[in-house]
Every structure is written in structure tokens, then in C-alpha cells.
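The structure appears right after this line, and notes come after that.
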Amino acid sequence: MLQTYPNPLQDNAAYSVVKQYFVDDDDTVPQKIVVHPDSPRGTHFRRAGPRQRVYFESDDVLACIVTCGGLCPGLNTVIREIVCGLSYMYGVKRILGIDGGYRGFYARNTIHLDLKTVNDIHRSGGTILGTSRGGHDTTKIVDSIQDRGINQVYIIGGDGSQKGAAAIFEEIRRRGLKVAVAGIPKTIDNDIPIIDRSFGFDTAVEEAQRAINAAHVEATSFENGIGLVKLMGRYSGFIAMYATLASRDVDCCLIPESPFFLEGQGGLFEFIDKRLKENGHMVIVIAEGAGQDLLAESEEQSTTLKDASGNKLLQDIGLWISQRIKDHFAKKMTLNLKYIDPTYMIRAVPSNASDNVCCTLLAQSAVHGVMAGYNGFTVGLVNGRHTYIPFYRITERQNQVVITDRMWARLLSSTNQPSFMKHEPNHPVGEAGAMKW
Ligand SMILES: Nc1ncnc2c1ncn2[C@@H]1O[C@H](COP(=O)(O)OP(=O)(O)OP(=O)(O)O)[C@@H](O)[C@H]1O
Ligand SMILES: O=P(O)(O)OC[C@H]1O[C@](O)(CO)[C@@H](O)[C@@H]1O
Ligand SMILES: [Mg+2]
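So, in C-alpha cells, the structure goes:
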């Protein structure tokens, strides 16, 4: 039987008035909320929130926070809110920042974090702790955790970071250490499965509007103007899809999950020709991972280069497709194509209001879970509720836009672009509005 202690929140004036504030250990949140009467019970996740009893005594806690992978709006807010949550809610005084991602555990000194050091950091983009790709040496990381006497590890990072967190958790279990490991999902691409979405995505979509607006202004000011915007999204096209749905000025959205082709009936060139004839201008949004097959085919080689974390390094689809469009129309008509690549601008900004709330709730939920003795989980919003999701479920696949789902159909209906699906004999190649689902 684990030794537990009364939750210090019981004496906290802010919480004493909230009836049933503590979450029952048996409360769960279903993964699927649309069900039929005969549906199986399905997977449920533990509901996040403070518990009646906690597993750590506040004075015994030595927590650390690390940020890994690419930047994302809101990283500093999450760091701030973990520090505030630990300090204000649980009276924890010893919190360390790990400098520069996973390798910082064994290659750098730690950074002291307290209420004063984190007070203003949410106003800045980036991460005050620094971040990196690669450098995940499980043995060295756990040695460092053990040597320093750290007993709570908060890992803020994307799908790769959560795999790294799972490896750390396994090694900690193997060594029988009393150390909790919690992940906070950082995914501007929205490529982490199960969760509704996480912090930073909303800000990124909002920031992408500036680039799309610029593309629209340029396109409408020149004869046969085309504004082409490349947005982040290595394997998942959510930013491009939502930025398109938000904007109303986008004529065509291209994402990694939806293959497309350039030439012939139903292809991109035919659609560009049609839109320019109809409207005199058009805006195209392309996710960085879209059309990589076409690019590799035309270059007659596919790049095998990888970044330090093992992610495939992509070639610039925006530049390539701009050139192909220009070449195709060169002899037919005057065309003014402006290529805008706001890649890093959408993730280097501080988070907006709604993402700041998201950061706060995720950070507080992670702190409550760790204090209550949960371990090896990623905190995440599932169907609008905060939950603790075991690492193995988060790491088993990537989240992608499902192009046979309603959301993609809504986008196709909104832009009225071709689906680029190869047509079946009895169905004419048509635009989304005419597609039979
Ligand atoms: N399978 C894995 N096992 C252990 N560590 C991993 C694994 N994959 C990635 N990592 C480590 O996690 C960290 C972050 O990974 P990565 O660079 O892929 O970014 P990410 O967390 O996926 O974030 P994003 O892709 O959103 O930028 C790196 O330090 C990397 O070494
Ligand atoms: O150039 P970096 O820092 O590796 O980051 C680029 C990658 O980061 C991501 O935004 C994920 O964080 C991907 O969409 C993109 O490919
Ligand atoms: Mg990733």
C-alpha cells in the first residue's frame, strides 16, 4: 500500500468553496463520445484533476521541467504555470529547468526556477529553457535524474519527445526509482493522437492568417495573380486545413494526406486555369509535407536526409510548385505568382489568449496528476475534458487529417477545389460539391 498524505489544497481558500473539487479516482473520460446503443464501452482515460490524497510531501519534491523538439507558441506559459501550480497549490519550493532539451540533462547545468524567474515569461515566444532535437540518451538522462535526486519530471514536447518520455519512464521503472514522469503535449502540427488538440495550434492558425491575407492582397492586385503560402505540417496538414477554413480567401489547400497531381483532367493546373478565368486571381495554401512524392519523382531522387531526431528532412515543396506553375503557364498567359513562406513566424510568437488558457489547464492538470502519484502519462484534452493518457497510447501512431472524414469534405466544399481523387468509371471527375460520399 502506497503511503499518501492529505492534499494541501484542502486548506487552500481558493478551492474550499468548490463543491466536489477533488476528482474521484474512478472517474474516466471515454475516447469515443458518439455511440450507438449497441456500441462496446471502448477505451476510457482517467479524468485529470486534484485528488483527495497526494503521493508526494511538498518538502520532498524536487521537480524538473524540460522542453524538447521544435518551438510552439505557449511553451513559456506552460513552464510558468507548472512552476506556479507546484508553488501555489502544493507549496513545492525546489524546481529546476533543464537547459536545451534532453541532452541538457547530462550536458548542461540546470536552471533554478521560481515564481520570480517565471513571472513575465509568458509574454515571449520560444522557451526560456531552450530546446533541441536528438541527444536522447536514456541511460545518461536517468543517471542525471538519479544523481540530482529529481523525483518529478515534466516533459513538454511533441510526438518524438513523448517517445523519449516513455523510454525514460521505462528505465526509471526498471531501476525501481520513486520518480514521476509526465508529458505535456506540444504539437503545433496537431500530430499527436487521441487528444483534441493542444496549446499553440490556435495561435499558429491565427498567425497564418497574416500570410494568407498578404497572399490575397498580392494576388488581387496583379493580373492573374496567384498567392502561394507554405505552412508547417510535416506529416499532418491540420494547420493548412484550419488556416484555409478560417480565411475564406483560399482557393486551394494542399496537404500531405491528400495526394494531388498537376497535369491533365482534374489536376491542379486545370483548376488554376479555371479559377483565374473566373476570378482573375487565386490563393493556394500548401503544407510543407504535401506533394513530396511529386517532388521526389521529378527530381528522380528522394532525399534520405534526416534531422538529429530522425525526422525526414523535406525538400521545399513551395519553391518547387511555384516554379512548376510558372513554367506551365509561361507560354499561355501572363501570370504573377508570389510565394510566401512564413514557416517559423507562426511558431515563434507568444501564444494567444485561448492558447494561454489551454497552457494553464494542461500545466495544472499535469501537476495534480503527478502529485497524486500517477506516472507515465501525457496530459491531454479528450472530448473537451482533461485526462491522463498512458504514454504507450500516445506513441503508437500519429494523428493525421482523415480525408474521408467530414472535416476535409467541409474544406473541399468551402474552397470548391477538386478532390484530386482518381475518378471511378461512373463518376465524373468533379469538384467537391459534386462528389458522392
Ligand atoms: N523514438 C524515440 N525514442 C527516444 N527519444 C526520442 C524518440 N524520438 C524522438 N526522441 C527525442 O525527443 C526529442 C524531440 O523529438 P523531435 O525532434 O522529433 O520533436 P517532437 O517532440 O516530435 O516535436 P515536434 O516534431 O513537434 O517539433 C529529441 O531530443 C529526440 O531525440
Ligand atoms: O526546422 P525545425 O526546427 O526542425 O522545425 C521544423 C518542423 O517543426 C514542426 O513545426 C514541428 O514542430 C514541423 O512542422 C516542421 O517540419
Ligand atoms: Mg514530431
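According to the numbering used here, the sequence shown is numbered sequentially starting from 8.
Each residue gets a CB set at the ideal place from its N, CA and C atoms; glycine is no exception.
Exercise for review: Return the chain-ordered list of same chain residues with a C-beta closer than 6 angstroms to the C-beta of L388, the five sequence neighbours on each side being excluded.
Suggested key: In the sequence shown, residue 388 corresponds to position 381, counting from 1. Correct list, in chain order: I202, D203.
Check your understanding: Should N318 be listed as close to ligand 3, given that the test is whether its C-beta is under 8 angstroms from any heavy atom?
Key -> The sequence position of residue 318 within the sequence shown is 311, counting from 1. Yes, since a heavy atom of ligand 3 falls inside the 8 angstroms radius drawn around the Cβ of N318.
Practice item. Inspect the beta-carbon positions of C366 and H43 and report whether they are closer than 9 angstroms. Key: The residue you call residue 366 lines up with position 359 of the sequence shown. The residue you call residue 43 lines up with position 36 of the sequence shown. Not closer than 9 angstroms, so no.
Check your understanding: How about A221 and N343: do their beta carbons lie closer than 9 angstroms?
Key -> Walking along the sequence shown from the start, residue 221 turns up at place 214. Walking along the sequence shown from the start, residue 343 turns up at place 336. For A221 and N343, no; Cβs fall outside 9 angstroms.
Check your understanding: For Q159, which three-state DSSP category applies?
Key -> Mapped onto the sequence shown, residue 159 falls at position 152. Q159: strand per DSSP, three-state reduction.
Exercise for review: Identify whether Y346 lies in helix, strand or coil by the three-state DSSP scheme.
Suggested key: Mapped onto the sequence shown, residue 346 falls at position 339. DSSP places Y346 in strand when its eight states are reduced to three.
Exercise for review: Classify K338 as helix, strand or coil using the three-state DSSP reduction.
Suggested key: In the sequence shown, counting from the first residue as 1, residue 338 sits at position 331. Per DSSP, reduced to three states, the secondary structure at K338 is coil, with no helix or strand assignment.
Review point. Should R354 be listed as close to ligand 3, given that the test is whether its C-beta is under 8 angstroms from any heavy atom?
Key: What you label residue 354 is simply residue 347 of the sequence shown in a count that begins at 1. No, the Cβ of R354 stays beyond 8 angstroms of every heavy atom of ligand 3.
Practice item. On a CA-only basis, which of Y28, R110, R140 is nearest D150? Give me that one, please. Key: In the sequence shown, the residue the question calls residue 150 occupies position 143. Residue R110 is the option with its Cα nearest to D150.
Check your understanding: Bridge partners of M248, per DSSP?
Key -> The residue labelled residue 248 in the question sits at position 241 within the sequence shown. Bridge partners of M248: none, in fact.
Review point. Assuming I118 contacts A370 under a Cβ cut-off of 8 angstroms, what Cβ separation, rounded to an integer in Å, is found between them?
Key: On the sequence shown, residue 118 is found 111 positions in, with the first residue counted as 1. On the sequence shown, residue 370 is found 363 positions in, with the first residue counted as 1. Actually they are not in contact, since the Cβ atoms of I118 and A370 sit about 17 angstroms apart, beyond 8 angstroms.
Check your understanding: H393 lies in the beta strand (DSSP E); which residues open and close that run?
Key -> As a position in the sequence shown, residue 393 is number 386, starting the count at 1. Where H393 is concerned, the enclosing beta strand (DSSP E) starts and stops at 392 to 397.
Exercise for review: Thinking A294 and P266 are a contact (beta carbons under 8 angstroms), I'd like their distance in whole angstroms, please.
Suggested key: Against the sequence shown, residue 294 aligns to sequence position 287. Against the sequence shown, residue 266 aligns to sequence position 259. Going by Cβ atoms, the distance from A294 to P266 rounds to 13 angstroms, so no, they are not a contact pair.
Check your understanding: Rounded to whole angstroms, how far is the Cβ of D209 from the Cβ of D362, which I believe are closer than 8 angstroms?
Key -> As a position in the sequence shown, residue 209 is number 202, starting the count at 1. As a position in the sequence shown, residue 362 is number 355, starting the count at 1. Right, their Cβ atoms sit about 5 angstroms apart.
Review point. When you compare each of R155, D18, D32, K345 to G98 by their alpha carbons, which one comes out closest?
Key: Residue 98 sits at position 91 when you count from the first residue of the sequence shown. Of the candidates R155, D18, D32, K345, the one whose C-alpha sits nearest the C-alpha of G98 is D18.
**Study point:** In chain order, each alpha helix (DSSP H) run of at least 4 residues that lies wholly inside the stretch 58 to 146
**Key:** 82 to 91, 111 to 114, 122 to 125
**Study point:** Stretch-stretch touch, CB-based, cutoff 8 angstroms, three pairs: the stretch 178 to 195 with the stretch 151 to 167
**Key:** yes
Point to revise | Distance, P13 Cα to Q59 Cα | key: The residue labelled residue 59 in the question sits at position 52 within the sequence shown. The residue labelled residue 13 in the question sits at position 6 within the sequence shown. Each residue's Cα considered, the two are about 6 angstroms apart.
Review point. What does DSSP give as the partner residues of K313 in its beta bridges?
Key: Taking the first residue of the sequence shown as 1, we reach residue 313 at position 306. K319.
Exercise for review: Hey, could you find the ends of the alpha helix (DSSP H) H5 is sitting in?
Suggested key: Because residue 5 is not part of the residues shown, which for the chain are 8 to 444, the question remains open.
Check your understanding: What residues match up with T385 in a beta bridge as DSSP calls it?
Key -> Residue numbering aside, residue 385 sits at position 378 when the sequence shown is read from its first letter. DSSP lists G190, I396 as partners of T385.
Point to revise | Neighbouring residues (CB closer than 5 angstroms to any heavy atom of ligand 3) | key: G165, D166, G167
Check your understanding: Which term fits T469, buried or exposed, when burial requires 16 or more other beta carbons within 10 angstroms of its beta carbon?
Key -> For the chain, the structure presents residues 8 to 444; residue 469 sits outside this window and is missing.
Point to revise | Through-space distance from Q10 to A211, alpha-carbon basis | key: If you number the sequence shown from 1, residue 211 lands on position 204. If you number the sequence shown from 1, residue 10 lands on position 3. The straight-line gap from Cα to Cα measures roughly 44 angstroms.
Check your understanding: Between V374, E403, R331, V408, which lies nearest to H393 when the distance is taken from Cα to Cα?
Key -> Translated into positions along the sequence shown, residue 393 becomes position 386. The candidate whose alpha carbon is nearest that of H393 is V374.
Check your understanding: Taking C-alpha atoms, which residue in Q216, V292, K185 lies nearest to Y346?
Key -> Here the question's residue 346 lines up with position 339 in the sequence shown. Of the listed residues, the one whose Cα sits closest to Y346 is V292.
Review point. In or out: K185 buried (at least 16 other Cβ within 10 Å) or exposed?
Key: Looking up residue 185 in the sequence shown gives position 178. Taking all protein chains shown into account, K185 has fewer than 16 neighbouring C-beta atoms within 10 Å of its C-beta and is therefore exposed.
Check your understanding: What are the start and end residues of the alpha helix (DSSP H) that includes A221?
Key -> Counting from 1 along the sequence shown, the entry for residue 221 is found at position 214. Looking at the DSSP string, the run of the alpha helix (DSSP H) that includes A221 is 208 to 228.
Exercise for review: Give the secondary structure of A294 by DSSP, where H, G and I count as helix, E and B as strand, and everything else as coil.
Suggested key: Position 287 of the sequence shown holds residue 294. Strand, per DSSP.
Point to revise | Through-space distance from G171 to M96, alpha-carbon basis | key: Position 89 of the sequence shown holds residue 96. Position 164 of the sequence shown holds residue 171. Between the alpha carbons of M96 and G171 lies a distance of about 28 angstroms.
Review point. On the premise that L275 lies in contact with L283, defined as a C-beta separation below 8 angstroms, what is that separation, rounded to the nearest angstrom?
Key: Here the question's residue 283 lines up with position 276 in the sequence shown. Here the question's residue 275 lines up with position 268 in the sequence shown. With a Cβ gap of about 12 angstroms, L283 and L275 do not count as contacting.
Check your understanding: Would Q216 pass as a contact of A189 if the rule is Cβ separation under 9 angstroms?
Key -> Here residue 216 refers to the residue found at position 209 of the sequence shown. Here residue 189 refers to the residue found at position 182 of the sequence shown. Not closer than 9 angstroms, so no.
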